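Have a look at the structure below, then the notes.
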Amino acid sequence: MASSPPRRFARRAPSKVNPDRFVDIRVTDMTAGDALWWDRKFGPHHARDRKRADRFWAWSVLLPMCHLVQLAKRRFCRPLVIWTRADNRRFVRAGMSILIDDYPHLDITDPSQSNFLWFISAGDSAVLTKELEVSDPPSLGRVLLDCAVVLSENSGFGGRIGLHAARQGGQRLLDFYVKCGLANLSQGTDLPPLVTRKNDGRFFYAGVSAAARLAALLDPDR
Amino acid sequence: MSEFRHLDTTEPAQMGTVAEAVVRLSTFSERQILDLVSGGQLGELFPFRPKAQTLPPDSVAEEDLEEASTLPMTRDQKAALIQSSMPSSSASVRNNRLADALAWQEEVLRSADEDSHR
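If you read the sequences in order, they're chains G and H.
So the first sequence is numbered by my numbering: it starts at 1 and just counts up by one.
So the second sequence is numbered by my numbering: it starts at 1001 and just counts up by one.
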């Protein structure tokens, strides 16, 4: 039986303006230049938005820090940039993520490895439209999760992913991850010993089945 | 340490300080780091910022975008990715990014090993 080819990243995402319409996106590896650009273009706008969990994230500092901290833990970070097509047909940065490869799966009833989504951020739509000539900004939440699922699947982790919803994201962020089909580990549920001792109820994961459902949703867009 | 310094990867003293900060941070859980960063404490945790660099262009033509592979990376690919993530400020430093990144990795891993033997 021939094995199926590895899944690709999604190459289009629903428009925020009209979810029935799709916008071209591309995924690249993140460099120091991408992080610096993000800080200059989006940083000041995000910092003013008190609802954003990422308002203080300085990616040009986060990027080397995350790499080095995970190296010290003998792990590897995979930072990605999601680009979207602007009105002039060129591509501009619209999303950022840093995930950790080969991380303990959060669900201790399924002892295995996974990918941990450490930092994810979608650029402010108003900035994309007003300053970067993207009149049709994409909705990137599911795409950011999907990137982690695809990498996990292709690494042999069955698509398993985990994440912690930043406290600053409030209930809104929890609701979003539930809506995406992730399972919540309620407060006090045990976590793998290497993750943390304290579970504040904001950890989420996708096991093999949930990951397959998540990935299948975006398969037409790869 | 609250001072927010410019990072100069050619400066051995700064590399030592970076390694110290990294070793300290590596004792924190990912959740703790996320909470601290989201609370605006990144400068205290990792008190550096890259020196001014030329900002890349806002937009890129599709044919110039190198799409990321979804397959696991080799050791060399990982080293190259880390290299491209490290801040640099001058042409000479940029030319030595790989050496910088590897030196950082060695320094961090050495410090982590020393720490685990204490």
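Here a beta-carbon is modelled for each residue, glycine too, at the ideal position from N, C-alpha and C.
None of the values given here were measured: they were computed from a predicted structure.
Any C-beta of chain G sitting closer than 8 Å to the C-beta of residue i?
| i | result |
| --- | --- |
| A1079 of chain H | no |
| M1015 of chain H | no |
| E1063 of chain H | no |
| D1058 of chain H | yes |
| V1093 of chain H | Residue placement at V1093 of chain H is flagged as unreliable, the pLDDT there being 45, under the threshold of 50; the coordinate-derived value follows with that caveat. By this cut-off, V1093 of chain H is not an interface position. |
| T1070 of chain H | yes |
| D1076 of chain H | no |
| E1066 of chain H | yes |
| E1030 of chain H | yes |
| S1089 of chain H | Here the model assigns S1089 of chain H a pLDDT of 47, short of 50, so the residue's position is not dependable and the matter cannot be decided. |
| I1082 of chain H | yes |
Exposed or buried, what is residue i when buried is set at 16 or more other beta-carbons lying within 10 Å of its beta-carbon?
| i | result |
| --- | --- |
| V178 of chain G | exposed |
| L214 of chain G | buried |
| R26 of chain G | buried |
| P138 of chain G | buried |
| A72 of chain G | buried |
| S97 of chain G | buried |
| T1054 of chain H | exposed |
| D107 of chain G | buried |
| G158 of chain G | buried |
| Q171 of chain G | exposed |
| G207 of chain G | buried |
| S1026 of chain H | buried |
| N1095 of chain H | For N1095 of chain H, the predicted structure reports a pLDDT of 45, less than 50, and the residue's modelled location is therefore unreliable. The matter cannot be settled from this model. |
| A1019 of chain H | buried |
| P223 of chain G | Residue coverage of chain G in this structure runs from 1 to 222, which leaves residue 223 of chain G outside it and unanswerable. |
| A1021 of chain H | buried |
| Q168 of chain G | buried |
| A211 of chain G | buried |
| S60 of chain G | buried |
Please report whether the beta-carbon of residue i lies at a distance below 8 Å from any beta-carbon of chain H.
| i | result |
| --- | --- |
| H164 of chain G | yes |
| M96 of chain G | no |
| K73 of chain G | yes |
| I25 of chain G | no |
| Y9 of chain G | Residue 9 of chain G is actually Phe in this sequence, not Tyr. Closer than 8 Å: yes. |
| S155 of chain G | yes |
| L140 of chain G | no |
| G33 of chain G | yes |
| H105 of chain G | no |
| P220 of chain G | no |
| F176 of chain G | no |
| A122 of chain G | no |
| T84 of chain G | no |
| V17 of chain G | no |
| L36 of chain G | yes |
| P137 of chain G | no |
| R40 of chain G | yes |
| F264 of chain G | Outside the shown range of chain G, which is 1 to 222, sits residue 264 of chain G, and nothing can be said about it. |
| P6 of chain G | yes |
| I108 of chain G | no |
| Q113 of chain G | no |
| Q187 of chain G | no |
| Q168 of chain G | yes |
| V149 of chain G | no |
| V208 of chain G | no |
| L128 of chain G | no |
| H67 of chain G | yes |
| A58 of chain G | yes |
Compare the C-alpha of residue i against each of the options and name the closest.
| i | options | result |
| --- | --- | --- |
| P1057 of chain H | G:V61, G:W38, G:A47 and G:A72 | G:W38 |
| N115 of chain G | G:D146, G:D87 and G:T129 | G:D146 |
| D102 of chain G | G:R222, G:P220, G:V195 and G:A212 | G:V195 |
| L218 of chain G | G:L191, G:G156 and G:C180 | G:C180 |
| D136 of chain G | G:T189, G:R40, G:W118 and G:A94 | G:A94 |
| K130 of chain G | G:R74, G:G188, G:F176 and G:K41 | G:K41 |
| D87 of chain G | G:T28, G:A58 and G:V23 | G:V23 |
| F9 of chain G | H:R1075, H:S1038 and H:S1069 | H:S1069 |
| G156 of chain G | H:A1079, H:D1076, H:P1072 and H:G1039 | H:P1072 |
| P14 of chain G | G:R89, G:L185, G:W59 and G:R85 | G:R85 |
| L1036 of chain H | G:F119, G:L151 and G:L174 | G:F119 |
Which residues in chain A sit within 8 Å of residue i, going by Cβ to Cβ distance?
| i | result |
| --- | --- |
| N88 of chain G | Judged by its chain identifiers, the structure shown contains no chain A, and its protein chains are G and H. |
- Query: Which parts of the segment 36–122 of chain G are runs of the alpha helix (DSSP H), unbroken and 4 residues or longer, counting only runs that do not cross its ends?
  - Reply: 43–48 and 59–72
- Is the number of C-beta pairs between the segment 52–69 of chain G and the segment 1061–1078 of chain H that are closer than 8 Å three or more? no
- Three or more C-beta pairs closer than 8 Å, one from the segment 1080–1087 of chain H and one from the segment 160–170 of chain G: is that the case here? no
- Message: At 4 residues or longer, what runs of the alpha helix (DSSP H) sit wholly inside the segment 1024–1058 of chain H?
- Response: 1030–1038 and 1042–1045
- Please determine if the segment 190–205 of chain G and the segment 1027–1044 of chain H are in contact, where contact requires at least 3 C-beta pairs separated by less than 8 Å. yes
- Query: Is there contact between the segment 35–49 of chain G and the segment 124–140 of chain G, where contact requires at least three CB pairs shorter than 8 Å?
  - Reply: yes
- Message: Quick test of the definition: if touching needs 3 or more C-beta pairs under 8 Å, does the segment 78–89 of chain G touch the segment 1041–1048 of chain H?
- Response: no
- Item | Contiguous beta strand (DSSP E) assignments of at least 3 residues, all confined to the segment 126–189 of chain G | 161–164 and 183–185
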